[in-house]
Every structure is written in C-alpha cells, then in structure tokens.
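Student:
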Amino acid sequence: MDIAAILSILDATIRLSTPLLLACLAGMYSERAGVFDIGLEGKMLAAAFAAGAVAAISGSAWLGLMAGMAVSLSTALLQGVAAITLKGNQLIAGVAINMLAAGLTTFLGQTWFGQGGRTPPLGDGGRFTPITLPFADELQNVPILGPIYSELISGHYILVYVAFIMVAVTAFVLYRTRFGLRLRAVGENPKAVDTAGISVVLLRYQAVIITGLLCGLAGAYFSIAQGSGFGNNMTAGKGYIALAALIFAKWKPVPAMFTCLLFGFLDALQIRLQGARLYDVEIPVQAIQALPYLLTVILLAGFIGKAVGPKAGGVPYTKER
Amino acid sequence: MSARRPIPRWADVALLPAINLTLAFLVSGLVVLLVGENPFHAIQVIIYGAFGYGEGVGYTLYYATNFIFTGLAVAVAAHAGLFNIGGDGQAYVAGLGAIVVALALDQTHWLLAMPLAVIAAGAMGGAWAFIPGWLQAKRGSHVVITTIMFNFIAAALMVYMVNRVLKPASSMAPESATIDVGGRVPQLRQFFSFFGYSPVNLSIVIAILALIGVYILVWHTKFGYAMRVLGANPTASRYAGISNSRMIMITMTISGALAGMVAINEVMGVQNRLVLDFVAGAGFVGIAVALMGRNHPIGIALAAILFGALYQGGQELQFVIPGITREMIVVIQALVILFTGAMEGLFRPALERAFMTFSPEQKADAVAVSTAKTES
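Chains as they are written, first to last, in this note's numbering: chain A, 1 to 321; chain B, 1 to 376.
1) With distances taken Cα to Cα, identify the nearest neighbour of A:LEU104 among B:VAL31, B:GLY308, B:GLY323, B:VAL275.
2) Residues in its own chain within less than 7 angstroms of B:GLY308 by CB, not counting five upstream and five downstream?
3) Spell out the partners DSSP gives B:ALA175 in its beta bridges.
4) Within 10 angstroms of its Cβ, does A:VAL169 collect 16 or more other Cβ (buried), or is it exposed?
5) What does the Cβ neighbour count give for B:HIS79, buried or exposed, with the cut at 16 atoms within 10 Å?
6) Using CA atoms only, rank isn't needed, just tell me which of B:THR340, B:GLY97, B:VAL262 is closest to A:ALA82.
7) What span of residues does the alpha helix (DSSP H) with A:TYR240 cover, start to end?
8) I'd like the list of long-range same chain contacts for B:ALA303, defined as Cβ closer than 7 angstroms, with 5 residues on each side in sequence excluded.
9) Does the separation of the CB atoms of A:ILE97 and A:GLY39 fall below 7 angstroms?
10) Would you report the Cα separation of B:GLY54 and A:TYR29, rounded to the nearest angstrom?
11) Candidates B:GLY299, B:ILE248, B:VAL165, B:VAL76: which alpha carbon is nearest B:TRP10's?
12) Which ranges does the alpha helix (DSSP H) cover as unbroken runs of at least 4 residues, wholly within the segment 182-260 of chain A, from first to last along the chain?
13) On the criterion of 16 or more Cβ atoms from any shown chain inside 10 Å, does B:SER171 qualify as buried, or is it exposed?
14) Please confirm if B:VAL144 has its CB atom under 7 angstroms from at least one CB of chain A.
15) By the criterion of Cβ-Cβ separation under 8 angstroms, what are the contact partners of B:GLN90 in chain A?
16) Just verifying my parser: in three-state terms, what is the DSSP assignment at B:SER2?
17) Thinking C-alpha only, which one of B:SER255, B:ILE206, B:ARG246, B:VAL35 is nearest A:TRP112?
18) For B:HIS41 and B:MET158, what's the separation of their Cα atoms in angstroms?
19) When the Cβ atoms of the segment 125-140 of chain A are set against those of the segment 245-255 of chain A, are three or more pairs found closer than 8 angstroms?
20) Can you tell me whether B:PRO322 is buried or exposed, with buried defined as 16 or more other CB within 10 angstroms of its CB?
21) Indicate the three-state DSSP secondary structure (helix, strand or coil) for B:ASN233 in the structure shown.
22) Measure the C-alpha to C-alpha separation of B:LEU351 and B:ALA14 and round it to an integer number of angstroms.
23) Since B:ASN163 sits in a beta bridge, which residues does DSSP pair it with?
24) Is it buried or exposed, B:GLN190, if we count other Cβ atoms within 10 angstroms and call 16 or more buried?
25) How many Å lie between A:ALA102 and B:VAL330 at the Cα?
26) Spatial neighbours of A:ASN189 within its chain, please: CB distance less than 8 angstroms, with the 5 preceding and 5 following residues excluded, ordered by chain position.
27) Mind checking if B:SER2 is an interface residue toward chain A, Cβ cutoff 7 angstroms exclusive?
28) Any chance the segment 82-94 of chain B sits against the segment 217-225 of chain B, with 3 or more Cβ pairs inside 8 angstroms?
29) Does chain B have any CB closer than 7 angstroms to the CB of A:LEU300?
30) Looking at the secondary structure, which residues open and close the alpha helix (DSSP H) in which B:ASN20 lies?
31) Which chain A residues are close to B:PHE278, counting only those with a beta carbon under 9 angstroms from its beta carbon?
32) Quick one, which of B:LEU346, B:ARG353, B:GLN333 has its alpha-carbon nearest B:PRO29's?
33) Taking a contact to mean a Cβ-Cβ separation below 7 angstroms, would you say B:VAL93 touches B:TRP128 in this structure?
34) Would you mind working out which of B:ALA91, B:PRO6, B:ILE7, B:GLN136 sits nearest B:VAL267, comparing C-alpha positions?
35) Answer yes or no: does any C-beta atom of chain A fall closer than 7 angstroms to that of B:ARG139?
36) List, in chain order, every chain B residue whose beta-carbon is nearer than 7 angstroms to that of A:MET28.
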C-alpha cells in the first residue's frame, strides 16, 4: 500500500468519525449528568432529516443546520420530560425516540417530497463545502508533511473542525468549570448536589439540551455535509456505535476522540476491504463491521479493563419519599 | 406531601393503558392531519383492512403471531427486572436453527420437522440471549447495552451466513435454498378457506401454547416466583437464598428462546427460506406489546392483535390513501412505547387525585395512610 492509499484511508477515517465524535460527546453530557441516552440515533436521524429538508427548500446550509439542531433539541427535551420530570424509564424513552425518528422521517419525507423518503438533492449553497486551510495548495509539494497537511488536515467540512474543537471544549467544561463539576456530581450522587442547594432537575435539563444541540450537529453532518440530501435511515446505526464509543472511552472526552477515530478507521477499512484477500482467504467484511460492537461487549465484560459508568445513571432523582 | 394512594388495580391494568393508548392515537391522528389527510378515514381503512374480510384477518393473525412471541420475550425478562432489547437479534439468529432443521428434514413430514425446528430455533435464540445474560450475571455488564450490541453482531453474522454459507451455489439472490415439503409449516388456509391467501399458519398454535406456558411459568411455578422476587427486589431475593446470577441466565435464555419462535413463523411458515432481515423489527414491536399488555399473557395477546391489525391495516392504508405510507405504523408504535412506557407518569397523579375526589372510601384510606406516616 502506498502513501496515497494510506492517506486516503486516514482521510476517510476523519470524515467517518466526525458524526460519531459529535454524537459521542453529546451522549457524554447527558450520561455524565445521570441520564442514560440510547436515543442518540433517533436524535441524529431527526436532525439529519430536518437539516436536509430545510436546506433543500431554502437552499441554505446554515438554515438547514439550524433546523437540524432545533429538531434535535426538541426531541431531546421530549426525552428529558419523560426521563427527568415524569421519572419514566430512561431506556424505554430512548427506544421510543429512536423508533419515532425512524418512522417520522421516512413518513414525512415520503409525503412531503414523494421520492421514497429522500429529500431532493441539494444544490450549491444547500450543503457545506470543504474548507481549504491557508497554504494547503502551496505546501502540497513539500515531502511527507505537505500531503498530510493538504489532504488530511485541510479540505474538510466545517463540522469536522467543530467536532474536534468540541473535544477540547468538552474536556475544559467537564473538568475546569463549576458547571462541569456539578454535572459530574449530579451523575454520581444527585442527593449530594441537591443537599448543596443546586437543582438536580435544572442541571439534568441543561445537560440534555447540550446533548440535543450536539446531536443536531452530528445529524446535519450526514445530510448536508457528507451527503447531499437526506436518505432513508441515513444514520444506519451510527448512534449505537457512538454509544459504544462512549462506553469504550469510559465517558471521557479525549479517549472518546481516539475511540471514534478507531471506529471510523474500522469503517473506512471495511469499505476498502470489500473483496480483499489475506493469504488466499477472503476477509469477511462483516467481521470488521461487527468489530466495534464486539469490542464494546468485551470491554463491558471487563476483559480489557473495566467500564464503570456514572453511578446515578439511569435512575430518576426523587427528592423525597 | 399530600396524601396519595395507589389507584385501584383495574384502573392500573386497564384504564391507564387505555388513556395512554388514546393519547398515542390522538397524536398519530394529528400527524395524519399534518400531512393533510383525514384521520377518521384512515382509522376506517385500518379497521376494515385488518378485520373486514378473511384475508385481512389472516394477515392480522400472522403479524400477531410474531408479536406474541417477541412480546412474551420482553415480558418474561421484565418480570425478572431485565430489559431485553435484543429480541430482533435473537429471532434473527434463531432463523439459522429453523432453516437448518427444515432443510435437513425436508423429505420427511412437518409433524417431525416442526417440533425439532422449534427446539433448534429456541436453542439458537436462547443461546443468543444467554450470552448477554451470562455477561450481566457474571461480569456485571448491563443487559440493555449488550443486547443492543448483539443485535448488530447478529445482523453482521447473518449477512455472512446467508451469503457465504446458506446461499446455494447456483443462486444470485442473498437467500438460502427453499424448503420444499416437510419443512413447511402448514398454512391455516389449507383447512379454512376463510383466510384467503393470507400467510397465517400453524405457528399461531405455538404462540397460544407459549402464552399459556408463560402464564403457568410466571405465576404457578417456584421458578416464576423466584423470577418475580428477583425483579421486585434483587437484594431480598439474594437473602432468600435465590441465586440471582443463575436466575438471570435462565430467564434471558427463556426470553431469547421465545423471541426465536418468530423464525418458525417466518422461515418455515411464510418465506420457506432464510432471507435477509426477515425479523423486520418485530423484536422492537415486542417492547410496545409487552408494555401495553402489562407483561401479562392476556394483555400481550390483545396488544399483539392490536399491533397485528395496525400492521395489516397499515399495508391497506398505503394502497387506499397514497399520502400515508406504512411508516405511519412505526410512528404509532413509537408513540405507544413513549406514552405507555416512558411517560407512564403523565396521568397517574391526576388519576390518583380523581379517584380520591370521587371515592370517599379512597379518601379515608389515604388520610389514614398519611396520618400513620406522620405518627410513626
């Protein structure tokens, strides 16, 4: 394999891991605050549809992005009402959100646009275009570093850069701010937070809102950056991979970035390996597809370290009985 | 805090689900209105499509058969306090057991093939659920996450198995060889012409037996009692000398085996071969069915028929009203899960208050309860 092939796989890795990373960070906020979120997939899918639909109608990628974030946010709030205010089962709420998004996006897509659940293809301005970083073209011919800079680092959609910046932002917010301290505390011991006079409900809603906004970015990436328009079930289980990455990264921002890059790399590899052979044996593509899920199961079983989530996760907080 | 008293049992098992279900339908009606169609016309079409003629009834029962199995799978796990979202994967993998037996015994009689296939499908589905059960019992990994992961692993595994192992060399389509004679479960239309061309088959008898079996297992055996104790209070069950980890593993295996029965209905009853994604989300419908049916076989049977009717009526709907696609059914399903499962607390307080206001007896009880609390 030559350097160009390796670069193209790594380039695809970055592109494919971006939505995972955004969704994974999204899940981190609500799970750190003690709200388990298996509805990442649904929120992303709803956002992807809203972004695709609005971008198609308005012709503006930015309006599409905002619509995606708004829809994802309202979905997150719906889930929040069920899980926080009504103290319902958080897992069931997530399952319902995923199904609701899967059904509604296809249904509304078909009724509104009549193209088998797809939104019309986006023209110029309707989707984000890759950004060329300064000096990318000039440096292209510098050996080794040139191609890495111009192909790997430059030339991505704005959301890609946002995702990686969000890793630093999330790490800062979680570990260096008062809000982050409280957020982590409310996921470990809500009673203590309550005793300190801080509203558990408010904190959890704030976390859920951030989750919704980030999922909106992730979903919009599918339909108006990576793709040009929304397609049926576009997120294809990526929300669950993001959930797996979150567990794999043990709910920490920087490990989350590396896990998402790893899962993105597996995805890129899997596309590349269609029909490839190793010592005369064809490698089943399905084995690589299943690898993130398998790794998560093995990690959860404690065979490669222990993944312990926030202690109060999944339990609605009741002030008093 | 104000005096509160749980609502009477009949309201809990019948009234509250009915209110939540109505709410789900109301919201669905709003969605239909949103796209400019008449919700009442839509309901009419669904009801006629599902129950109006023999073939429709047959289809309704065929879908309901699947949902009874997956609903029971979710319910059995729920009694032990486990949330099995892996019904889809378990049913899918069970298809392997069913097809292997069906193809092997193709030249014999269905009376021989069916029981053996039931065992094989149950064993495969059970095994696929046993692993998450074992992981939860012995390694402490949450069964919800592992069953989600196992759904995806099953999907990858089955694509491989169908394409590389089961697909006949002469065929291009990604599906196994077709069952010819003995491996097929007889269709009910062979006995009753009423069912038209619908695919309802003798698997429905297994479904009914499963309903009765689960009822006996959960409420009339020592094992079922231990299961419910575990679900209600794991600490108490451990102090009572019940092995929690053993219970979790056995319960998950039973749950997976029940989900696996979907393969009998689909593979041997209808498709007559193993096709990709034959489960088509029945495992997730099972969650809605179990939630609505309050984990009780009678409730599950009714809820399964309701969802079967929605599925069949939904098919009809997209022919009659092209503006509404069958995904509308997925929306209704999701709303049912949302309102009866996650937002169950929406009407409970109001209902509790209503019962207090209108029944002096309840009120007296509630006051007594709260007085006792303050005094102690």
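Positions of the beta carbon are idealized from the N, C-alpha and C atoms, including for glycine.
Tutor: In short, the structure shows the following:
1) Residue numbering aside, residue 104 of chain A sits at position 104 when the first sequence is read from its first letter. Ranked by Cα distance from A:LEU104, the first of B:VAL31, B:GLY308, B:GLY323, B:VAL275 is B:VAL31.
2) Residue 308 of chain B sits at position 308 when you count from the first residue of the second sequence. THR60, LEU61, TYR63, ALA64, PHE67, listed in sequence order.
3) Counting from 1 along the second sequence, the entry for residue 175 of chain B is found at position 175. For the record, residue 175 of chain B in the displayed sequence is Glu; it is not Ala. Bridge partners of B:GLU175: B:VAL275.
4) The residue given as residue 169 of chain A occupies position 169 in the first sequence. A:VAL169 is exposed by the Cβ-count criterion.
5) Counted from its first residue, the second sequence places residue 79 of chain B at position 79. With 16 or more other Cβ atoms within 10 Å, it is buried.
6) What you label residue 82 of chain A is simply residue 82 of the first sequence in a count that begins at 1. Of B:THR340, B:GLY97, B:VAL262, the smallest CA-CA separation from A:ALA82 is found for B:THR340.
7) For the purposes of this step, residue 240 of chain A is taken as residue 240 along the first sequence, with counting starting at 1. Its alpha helix (DSSP H) spans residues 238-248.
8) Residue numbering aside, residue 303 of chain B sits at position 303 when the second sequence is read from its first letter. Once the five neighbours on either side are set aside, the close Cβ partners of B:ALA303 are GLY71, VAL289, MET292, GLY293.
9) For this step, residue 97 of chain A is matched to residue 97 along the first sequence. For this step, residue 39 of chain A is matched to residue 39 along the first sequence. Yes.
10) Residue mapping note: residue 54 of chain B aligns to position 54 of the second sequence, counting from 1. Residue mapping note: residue 29 of chain A aligns to position 29 of the first sequence, counting from 1. Going by the C-alpha atoms only, they are around 53 angstroms apart.
11) As a working mapping, residue 10 of chain B is identified with position 10 in the second sequence. The option with the nearest alpha carbon to B:TRP10 is B:GLY299.
12) If we require 4 residues or more, the alpha helix (DSSP H) runs fully inside the segment 182-260 of chain A come out as 190-195, 200-221, 238-248.
13) Along the second sequence, one-based indexing puts residue 171 of chain B at 171. Flag for B:SER171 reads exposed.
14) Within the second sequence, residue 144 of chain B is the residue found at index 144, counting from 1. So, interface residue.
15) Taking the first residue of the second sequence as 1, we reach residue 90 of chain B at position 90. Per Cβ cutoff of 8 angstroms: no residues; B:GLN90 is ~15 angstroms from chain A at best.
16) On the second sequence, residue 2 of chain B is found 2 positions in, with the first residue counted as 1. Its pLDDT being 48, under 50, B:SER2 is placed unreliably in this model, and the coordinates cannot settle the point.
17) On the first sequence, position 112 is the one that residue 112 of chain A refers to. Comparing Cα-Cα distances from A:TRP112 to each of B:SER255, B:ILE206, B:ARG246, B:VAL35, the minimum goes to B:VAL35.
18) Position 41 of the second sequence, counted from the first residue, corresponds to residue 41 of chain B. Position 158 of the second sequence, counted from the first residue, corresponds to residue 158 of chain B. Going from the Cα of B:HIS41 to the Cα of B:MET158 covers about 41 angstroms.
19) no
20) As a working mapping, residue 322 of chain B is identified with position 322 in the second sequence. Label assigned to B:PRO322: exposed.
21) By 1-based counting over the second sequence, the position of residue 233 of chain B is 233. Coil.
22) Along the second sequence, one-based indexing puts residue 351 of chain B at 351. Along the second sequence, one-based indexing puts residue 14 of chain B at 14. In a straight line, the C-alpha of B:LEU351 is about 13 angstroms away from that of B:ALA14.
23) The residue labelled residue 163 of chain B in the question sits at position 163 within the second sequence. For B:ASN163, no pairing in a beta bridge is given by DSSP.
24) As a position in the second sequence, residue 190 of chain B is number 190, starting the count at 1. Classification for B:GLN190: exposed.
25) Counted from its first residue, the first sequence places residue 102 of chain A at position 102. Counted from its first residue, the second sequence places residue 330 of chain B at position 330. Distance between the alpha carbons of A:ALA102 and B:VAL330: 8 angstroms.
26) To locate residue 189 of chain A, count along the first sequence from 1; it is residue 189. Closer than 8 angstroms at the Cβ level, and outside the excluded window around A:ASN189, lie LYS311, ALA312.
27) One-based indexing of the second sequence puts residue 2 of chain B at position 2. Any reading at B:SER2 is ruled out, since the residue's pLDDT is 48, under 50, leaving its predicted position unreliable.
28) At 8 angstroms Cβ cutoff, the stretches do not touch.
29) The residue you call residue 300 of chain A lines up with position 300 of the first sequence. For A:LEU300, the answer is yes, since a Cβ of chain B falls inside 7 angstroms of its Cβ.
30) Stepping through the second sequence from its first residue, residue 20 of chain B is reached at position 20. From DSSP, the alpha helix (DSSP H) with B:ASN20 extends over 16-34.
31) Counting from 1 along the second sequence, the entry for residue 278 of chain B is found at position 278. By Cβ distance, chain A contributes nothing, its closest Cβ being about 17 angstroms from B:PHE278, past 9 angstroms.
32) Locating residue 29 of chain B in the second sequence gives position 29, where the first residue counts as 1. Note that residue 29 of chain B is Gly in the sequence shown here, rather than Pro. Looking at the Cα atoms, B:GLN333 is the closest of the given residues.
33) Sequence index remark: in the second sequence, residue 93 of chain B carries index 93 (1-based). Sequence index remark: in the second sequence, residue 128 of chain B carries index 128 (1-based). Result yes, Cβ atoms of B:VAL93 and B:TRP128 sit closer than 7 angstroms.
34) Within the second sequence, the letter at position 267 stands for residue 267 of chain B. Closest by alpha carbon: B:ALA91.
35) The residue given as residue 139 of chain B occupies position 139 in the second sequence. It does: the Cβ of B:ARG139 has a partner Cβ on chain A nearer than 7 angstroms.
36) Looking up residue 28 of chain A in the first sequence gives position 28. Those within 7 angstroms of A:MET28 in chain B number zero; the least Cβ separation is about 15 angstroms.
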